[in-house]
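Taken in order, these protein sequences are the chains called Z and R. Numbers 207 to 406, taken from this note's numbering, label the letters of the first sequence in order. Numbers 207 to 406, taken from this note's numbering, label the letters of the second sequence in order. Notes to accompany the following structure.
Number of protein chains: 2
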Amino acid sequence: MKSSIRTVRKKEIIEGFYELCKREGLENVSIAKIGKQLGMPPSLIMHYFSNKRLLVLGLIDHILHQYQLIYKPILLKFEKDSSLDPNLLVDRLFSREWNLLFDDGVFFSCYAFIFRDSTIRNEYKKLHLRLRSTLKTILDKDKNLSQKNTDLLAEKIFVVIEGAYYYLSMIDEPKEYQRKLDIFKNQVLELIQMKQKTEN
Amino acid sequence: MKSSIRTVRKKEIIEGFYELCKREGLENVSIAKIGKQLGMPPSLIMHYFSNKRLLVLGLIDHILHQYQLIYKPILLKFEKDSSLDPNLLVDRLFSREWNLLFDDGVFFSCYAFIFRDSTIRNEYKKLHLRLRSTLKTILDKDKNLSQKNTDLLAEKIFVVIEGAYYYLSMIDEPKEYQRKLDIFKNQVLELIQMKQKTEN
DNA sequence: ATTTATATTGAATGAATATTCAATAAACAA
DNA sequence: TTGTTTATTGAATATTCATTCAATATAAAT
Numbered sequence: 207m208k209s210s211i212r213t214v215r216k217k218e219i220i221e222g223f224y225e226l227c228k229r230e231g232l233e234n235v236s237i238a239k240i241g242k243q244l245g246m247p248p249s250l251i252m253h254y255f256s257n258k259r260l261l262v263l264g265l266i267d268h269i270l271h272q273y274q275l276i277y278k279p280i281l282l283k284f285e286k287d288s289s290l291d292p293n294l295l296v297d298r299l300f301s302r303e304w305n306l307l308f309d310d311g312v313f314f315s316c317y318a319f320i321f322r323d324s325t326i327r328n329e330y331k332k333l334h335l336r337l338r339s340t341l342k343t344i345l346d347k348d349k350n351l352s353q354k355n356t357d358l359l360a361e362k363i364f365v366v367i368e369g370a371y372y373y374l375s376m377i378d379e380p381k382e383y384q385r386k387l388d389i390f391k392n393q394v395l396e397l398i399q400m401k402q403k404t405e406n
Numbered sequence: 207m208k209s210s211i212r213t214v215r216k217k218e219i220i221e222g223f224y225e226l227c228k229r230e231g232l233e234n235v236s237i238a239k240i241g242k243q244l245g246m247p248p249s250l251i252m253h254y255f256s257n258k259r260l261l262v263l264g265l266i267d268h269i270l271h272q273y274q275l276i277y278k279p280i281l282l283k284f285e286k287d288s289s290l291d292p293n294l295l296v297d298r299l300f301s302r303e304w305n306l307l308f309d310d311g312v313f314f315s316c317y318a319f320i321f322r323d324s325t326i327r328n329e330y331k332k333l334h335l336r337l338r339s340t341l342k343t344i345l346d347k348d349k350n351l352s353q354k355n356t357d358l359l360a361e362k363i364f365v366v367i368e369g370a371y372y373y374l375s376m377i378d379e380p381k382e383y384q385r386k387l388d389i390f391k392n393q394v395l396e397l398i399q400m401k402q403k404t405e406n
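What follows is the structure, given as structure tokens:
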């Protein structure tokens with residue numbers, strides 16, 4: 207009830223924008239095209255987003271929100287159990303089921319904005335800090351990792367995840383993909399099971 | 207002498223394109239703007255690149271070429287010496303002096319194309335395979351790493367480098383940047399000095 | 001029911017877009 | 001020098017772009 211027309215429509219517009227970006231690429235989407243996709247005049251879109259930058263900002267907000275929605279349940283699953291099966295954790299961290307909900311092309315197109323827009327850069331940064339922090343919370347629950355620097359460990363784990371996300375996006379041959387994925391999963395496993403030093 | 211007008215002009219156009227992308231972002235650069243920047247009519251640009259896709263393709267070719275030019279000397283330095291100082295290697299791998307020659311924003315904008323253009327995807331893939339292969343060659347020269355799976359090691363090292371490249375791009379505070387950089391450099395050092403298993 | 005605020009429409013704007021074309025100039029080959 | 005290919009120009013195309021505006025409809029508040 208509280209969701210006024212305004213809120214609903216803004217969401218609808220951003221989602222239409224996102225769909226078009228998936229299909230045609232961010233650089234090819236115009237306000238007119240979004241209007242056509244949603245069956246509304248461009249002027250209505252301008253009514254809610256008074257210029258295109260705000261529209262892009264809204265899209266990025268949406269994407270980062272999605273990103274978080276997908277990662278978090280994976281991680282929260284382990285917040286219930288106080289014991290931690292490293293293999294299971296790693297499996298979940300590298301699970302790509304989110305690919306159905308989430309388009310990598312749009313993600314990287316938007317990521318490119320961080321280099322010319324500090325607002326966007328900070329949003330991205332905040333998201334990644336949150337992801338690391340959640341992972342640390344989970345690692346802290348593991349008795350085997352007590353007295354280890356889990357902050358540091360979370361940092362090292364995520365840099366592999368992000369490198370893998372970047373690198374694997376180029377691979378379309380399934381066997382090659384799986385082979386490389388296994389390497390990176392193993393790399394993270396080794397980090398978790400390593401005699402972790404406290405200082406860097 | 208062998209460089210015909212055609213070759214020279216094409217290069218000039220791509221470089222103008224690249225400069226504009228740095229300043230204004232790939233999505234805001236038009237053929238007319240490139241023409242203005244270079245003092246030539248848009249029709250001349252179309253004479254050499256018959257449509258915009260070819261222009262983008264040329265830009266990506268240029269970028270990947272630059273990328274390679276910057277990495278390779280770093281790595282080739284170690285091809286001369288048969289001994290390998292891991293600290294020095296890691297320093298070079300993470301050196302960001304290339305930032306002066308190379309714009310990260312343009313790189314990621316172009317990277318986003320891999321998701322909708324398989325030609326571009328393959329170009330990016332080829333580049334990354336080459337980088338890993340060069341690193342392997344270097345690692346193979348180190349006696350301490352003999353009988354280790356250097357293929358695998360190169361893969362693990364580069365995924366950290368790439369994750370770091372991605373992640374550090376968000377950090378503008380120099381101290382924080384340095385702190386994180388040190389973590390990732392150390393992570394690679396540990397990989398090199400680790401008792402590396404032969405299988406995965 | 002009347003007022004007020006918001007939502008929606010459709011038409012219009014001028015600027016910018018990629019691309020085409022015919023004409024001229026320069027470079028090259030014979 | 002003549003002929004031919006390539007380089008360069010500038011004007012023109014139709015289309016699309018983000019954005020504005022005034023008019024109308026709907027919803028919310030009184």
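Virtual Cβ for every residue (Gly too), placed ideally from N, Cα, C.
Kindly indicate which three-state DSSP category F223(R) falls into: helix, strand or coil? As a first step, residue 223(R) is located in the second sequence; it is residue number 17 there, counting from the start. F223(R): helix per DSSP, three-state reduction.
What's the C-alpha gap between L395(Z) and F255(R)? Stepping through the first sequence from its first residue, residue 395(Z) is reached at position 189. Stepping through the second sequence from its first residue, residue 255(R) is reached at position 49. The alpha-carbon atoms of L395(Z) and F255(R) are separated by roughly 49 Å.
Return the CA-CA distance between L341(Z) and Y330(R), expressed in angstroms with no decimal places. Here residue 341(Z) refers to the residue found at position 135 when the first sequence is read from its first residue. Here residue 330(R) refers to the residue found at position 124 when the second sequence is read from its first residue. Rounded to whole angstroms, L341(Z) to Y330(R) spans 31 Å at the Cα level.
Please check if any C-beta of chain R sits within less than 8 Å of the C-beta of Y273(Z). For this step, residue 273(Z) is matched to residue 67 along the first sequence. No, no contact with chain R.
Between I219(R), S375(R), Q243(R) and K347(R), which has its C-alpha nearest H253(R)'s C-alpha? To locate residue 253(R), count along the second sequence from 1; it is residue 47. Of the candidates I219(R), S375(R), Q243(R) and K347(R), the one whose C-alpha sits nearest the C-alpha of H253(R) is I219(R).
In three-state terms, what does DSSP make of V214(Z)? Position 8 of the first sequence, counted from the first residue, corresponds to residue 214(Z). Correct three-state label for V214(Z): helix.
Buried or exposed: where does A360(Z) fall if 16 or more other Cβ atoms within 10 Å of its Cβ makes it buried? As a first step, residue 360(Z) must be located in the first sequence, where it is residue number 154. Buried is the call here.
For the region 250-266 of chain R, which residues have a beta carbon sitting closer than 9 Å to at least one beta carbon of chain Z? Correct list: empty, as no residue qualifies.
Locate the alpha helix (DSSP H) running through K354(Z), then write down its first and last residues. If you number the first sequence from 1, residue 354(Z) lands on position 148. Looking at the DSSP string, K354(Z) is not in any alpha helix (DSSP H), and its letter there is neither H nor E.
Using the Cβ count rule (16 or more neighbours within 10 Å means buried), how would you classify K332(Z)? Within the first sequence, numbered from 1, the residue matching residue 332(Z) stands at position 126. By the Cβ neighbour-count rule, K332(Z) is exposed, with fewer than 16 other Cβ atoms within 10 Å of its own.
Does the region 265-275 of chain R touch the region 370-389 of chain Z, meaning 3 or more C-beta pairs lie closer than 8 Å? No contact exists between the region 370-389 of chain Z and the region 265-275 of chain R.
Cut-off 8 Å between Cβ atoms - residues of its own chain near D297(R), not counting five sequence neighbours on either side: As a position in the second sequence, residue 297(R) is number 91, starting the count at 1. If we look at D297(R) and ignore the five residues flanking it on each side, its Cβ neighbours are K391.
Does the count of Cβ pairs from the region 307-325 of chain R and the region 308-315 of chain Z closer than 8 Å reach three? At 8 Å Cβ cutoff, the stretches touch.
Hey, quick one: how far does the alpha helix (DSSP H) through S339(Z) stretch, first residue to last? Start at 1 with the first residue of the first sequence, and residue 339(Z) comes out as number 133. Segment S324 to K347, the alpha helix (DSSP H) holding S339(Z).
Under 9 Å by beta carbon: chain Z residues contacting I389(R): Here residue 389(R) corresponds to residue number 183 of the second sequence, with the count starting at 1. Among the residues of chain Z, those whose CB is under 9 Å from the CB of I389(R) are L358, E361, K362, V365 and N406, following chain order.
Between the region 317-344 of chain Z and chain R, which residues of the former have CB atoms less than 7 Å from a CB of the latter, in chain order? Hits within the stretch, in order: Y317, A318, I320, F321, R322, R327, Y330, K331 and H334.
With a cut-off of 8 Å, does the C-beta of Q384(Z) fall near any C-beta of chain R? Position 178 of the first sequence, counted from the first residue, corresponds to residue 384(Z). By this cut-off, Q384(Z) is not an interface position.
Taking L265(R) as the reference, give the member of G231(R), S249(R), L358(R) and L282(R) with the closest Cα. On the second sequence, position 59 is the one that residue 265(R) refers to. Here the closest residue by C-alpha is G231(R).
Can you look up G245(R) in the DSSP assignment and give me helix, strand or coil? The sequence position of residue 245(R) within the second sequence is 39, counting from 1. Look at G245(R) here: in three-state DSSP terms it is coil, with no helix or strand label.
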